[in-house]
Amino acid sequence: MSIYSSSHWAAYRVTRASIGTTKGYKRQWIKDPLLDPKDRLVKEDFRGVSEPDKYSRGHVVPLASFAGTEYWRETFYLSNATPQKSALNNGVWNKLENRIRKMAYELDGVNVLTGTLYERSLNPLPNSNTAHIVPSGYWKVVVKNNKAIGFLMDQDIPSKGEVCVAIVELSEIEKRAGLELFPAGNLVGNLERSKVGC
C-alpha cells in the first residue's frame, strides 16, 4: 500500500469538444475498478475535517474539462481525488483550470500535465483509516505546439491568490516533483504568458 494514497501526476488533453457544463451531473465519488481500494483514500476519509485544515476532494483531472465527453464519470474515481485545501481548490487552482479551458477552447486543444508535491508534512485527514500523506502543493504544465508554461501552488496559497504569480520554469517543477516531464526534449520554448491571461 502506498502511503501517498493520491495520484502523483496525470496527463490529459482538453479540447473544445471535451469541455462542458458541470450542472446536472451526479457528483458521486466511486472506487476505481482498476485499483486495489486499500491503496486509495475513500469517501469517508474526508469526513469531519475542520478549519484551518478544511480539505476538499480535489480533482486531479477536472470534471469540467471532460464534462462534454462520456468519460466525465471517471473524473469521480477516488484515484482522481487528492486532499486539497478548500481555499486552494475553490480559489486560485480553480481560476487556473478555468483559464486552461478558455485557452483550450481558443486554441482548439491543449495538453496538460498535473501532479502533487510532498515537500513538508501537513496534518493528515483526522477521520481517515487509510494510511496517507497530504500533498504540500500542486503543479500544472500546459503544452501547445511544443511550447509549455508551468505553475506551482502551495496548499496554503490564499484563495484570492493570483494565477500569474504561480508561473515557474519547468525545470523547477521537475526538480521539486522529482520527475523528468519531457525526456524526448521536444519542447521548443515557453508558451506565452498572455495565453493564460497573464
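Residue numbers for the sequence shown follow UniProt numbering, beginning at 1 and rising by one. Backbone N, C-alpha and C fix where the C-beta goes; we use that ideal spot for every residue, glycine too. Fair warning: this is a prediction, and the values are worked out from it, not measured in the lab.
8 Å Cβ cutoff met for residue i and residue j
{"i": "V142", "j": "I173", "result": "no"}
{"i": "G20", "j": "G68", "result": "yes"}
{"i": "G150", "j": "E162", "result": "no"}
{"i": "L117", "j": "G137", "result": "yes"}
{"i": "G115", "j": "W29", "result": "no"}
{"i": "L107", "j": "A11", "result": "no"}
{"i": "S7", "j": "F66", "result": "no"}
{"i": "W139", "j": "A104", "result": "no"}
Residue i, DSSP secondary structure in three states
{"i": "S65", "result": "helix"}
{"i": "I149", "result": "strand"}
{"i": "Y105", "result": "helix"}
{"i": "A177", "result": "helix"}
{"i": "Y12", "result": "strand"}
{"i": "V112", "result": "strand"}
{"i": "V134", "result": "coil"}
{"i": "I100", "result": "helix"}
{"i": "L122", "result": "coil"}
{"i": "A81", "result": "strand"}
{"i": "L34", "result": "coil"}
{"i": "K144", "result": "strand"}
{"i": "W72", "result": "helix"}
Residue i classed as buried or exposed, judged by whether at least 16 other C-beta atoms fall within 10 angstroms
{"i": "E97", "result": "buried"}
{"i": "P62", "result": "buried"}
{"i": "M1", "result": "For M1, the pLDDT reaches just 38, beneath the cut-off of 50, and the residue's location in the model is therefore unreliable, although a value from the coordinates is still provided. Looking at its Cβ environment, which holds fewer than 16 other Cβ atoms inside 10 Å, M1 is exposed."}
C-beta neighbour in chain D for residue i, strict 8 Å
{"i": "E180", "result": "In summary, chain D is missing from the structure at hand, where a single protein chain is found."}
### Query
Are the stretch 178 to 190 and the stretch 138 to 155 touching by the rule of at least three beta carbon pairs closer than 8 Å?
Under the Cβ criterion (8 Å, minimum of three pairs), the stretch 178 to 190 counts as touching the stretch 138 to 155.
### Message
I want to know whether the stretch 83 to 97 touches the stretch 28 to 36 - three or more CB-CB distances under 8 Å.
### Response
no
### Message
Would you call the stretch 60 to 79 in contact with the stretch 150 to 162, where contact means no fewer than 3 C-beta pairs closer than 8 Å?
### Response
no
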